[in-house]
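**Student:** My structure is below; once you've seen it, I'll send some questions.
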Amino acid sequence: MEFILEIDKIVFFWINHNLANPIFDRVMPFITEVDSWVLVYLVGFWFLFFKSGRIGKITALALIITILVSDQFSSTFIKEWVGRLRPCHTLESVRLLVHCGGGKSFPSSHAVNNFAAAFIITHYFRKNYLFFYFVAFIMAFSRVYIGVHYPIDILAGALIGVIVAAMVSYIIDIVTKRLFERNLFDKQQN
Numbered sequence: 359m360e361f362i363l364e365i366d367k368i369v370f371f372w373i374n375h376n377l378a379n380p381i382f383d384r385v386m387p388f389i390t391e392v393d394s395w396v397l398v399y400l401v402g403f404w405f406l407f408f409k410s411g412r413i414g415k416i417t418a419l420a421l422i423i424t425i426l427v428s429d430q431f432s433s434t435f436i437k438e439w440v441g442r443l444r445p446c447h448t449l450e451s452v453r454l455l456v457h458c459g460g461g462k463s464f465p466s467s468h469a470v471n472n473f474a475a476a477f478i479i480t481h482y483f484r485k486n487y488l489f490f491y492f493v494a495f496i497m498a499f500s501r502v503y504i505g506v507h508y509p510i511d512i513l514a515g516a517l518i519g520v521i522v523a524a525m526v527s528y529i530i531d532i533v534t535k536r537l538f539e540r541n542l543f544d545k546q547q548n
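Converting from the sequence shown to the working numbering requires adding 358 to each position, the first position being numbered 1.
Here is the structure:
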């Protein structure tokens, strides 16, 4: 385990220091800030709920349930159980581009929630799946770049998010199949 944690630190410093550049220094703090995405989230939910039919409404509901479950599971349970401190609290010479925050580090809730959302959206709307996973990756990567998470935090967060989203979508698919007496994906126009 010590070896893995040492590799984690090496990769952290490589991203946090060696990839540093003026463009990323301005873009990554914007990307990592949830408030930067509020309008995109609102437009996305509006589009899902009002312009995408039944499958859009189900996707919007699945997103809400998934994010509530994944965020609480990672923030309330796993972070407290593991108790890993953020690199900006434990390492010297971290390039910190935002406030460090007082929360724990493992897993990254940004990674959990964004990969969970990417899974849900691409489960119901398979088109453009690379785009949604790329957005989740950039959001997670930004957390290491700005100095508030280790790489293992974002890898574990991505895995946890996908697992939670897969479980939620499986349950929703079963429920909707019973409610509508057919497979949700029959005659889907995506």
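The beta carbon of each residue, even a glycine, is placed where N, CA and C say it ideally should be.
1. Leaving out five residues on either side along the sequence, give the residues of the same chain with a beta carbon under 6 Å from the beta carbon of L406.
2. Pick helix, strand or coil for F464, following the three-state DSSP scheme.
3. For the alpha helix (DSSP H) that H447 lies in, which residues bound it at each end?
4. Of the choices I389, L363, N471 and I365, whose alpha-carbon is the least far from that of I504?
5. Look at S466 and A498 and say whether their C-beta atoms are less than 8 Å apart.
6. Quick one: is H481 buried, meaning 16 or more other Cβ sit within 10 Å of its Cβ, or exposed?
7. D429 to F473, Cα distance in whole Å?
8. Are there 16 or more other CB atoms within 10 angstroms of the CB of H457, so buried, or fewer, so exposed?
9. For V369, which residues in the same chain have their Cβ closer than 7 Å to its Cβ, ignoring the five residues on either side in sequence?
**Tutor:** Taking the geometry as given:
1. Locating residue 406 in the sequence shown gives position 48, counting from the first residue. Result list for L406: G414, T417 and A418, in chain order.
2. Residue mapping note: residue 464 aligns to position 106 of the sequence shown, counting from 1. Coil, per DSSP.
3. Position 89 of the sequence shown, counting from 1, holds the residue named residue 447. Run containing H447: P445 to T448, per the alpha helix (DSSP H) assignment.
4. What you label residue 504 is simply residue 146 of the sequence shown in a count that begins at 1. Closest option to I504, Cα to Cα, is I389.
5. Within the sequence shown, residue 466 is the residue found at index 108, counting from 1. Within the sequence shown, residue 498 is the residue found at index 140, counting from 1. Taking 8 Å as the Cβ cut-off, S466 and A498 qualify as a contacting pair.
6. Position 123 of the sequence shown, counted from the start, is the residue given in the question as residue 481. Looking at its Cβ environment, which holds 16 or more other Cβ atoms inside 10 Å, H481 is buried.
7. Sequence index remark: in the sequence shown, residue 429 carries index 71 (1-based). Sequence index remark: in the sequence shown, residue 473 carries index 115 (1-based). Roughly 11 Å separates the two Cα atoms.
8. Position 99 of the sequence shown holds residue 457. So H457 counts as exposed.
9. Sequence index remark: in the sequence shown, residue 369 carries index 11 (1-based). Closer than 7 Å at the Cβ level, and outside the excluded window around V369, lie P509.
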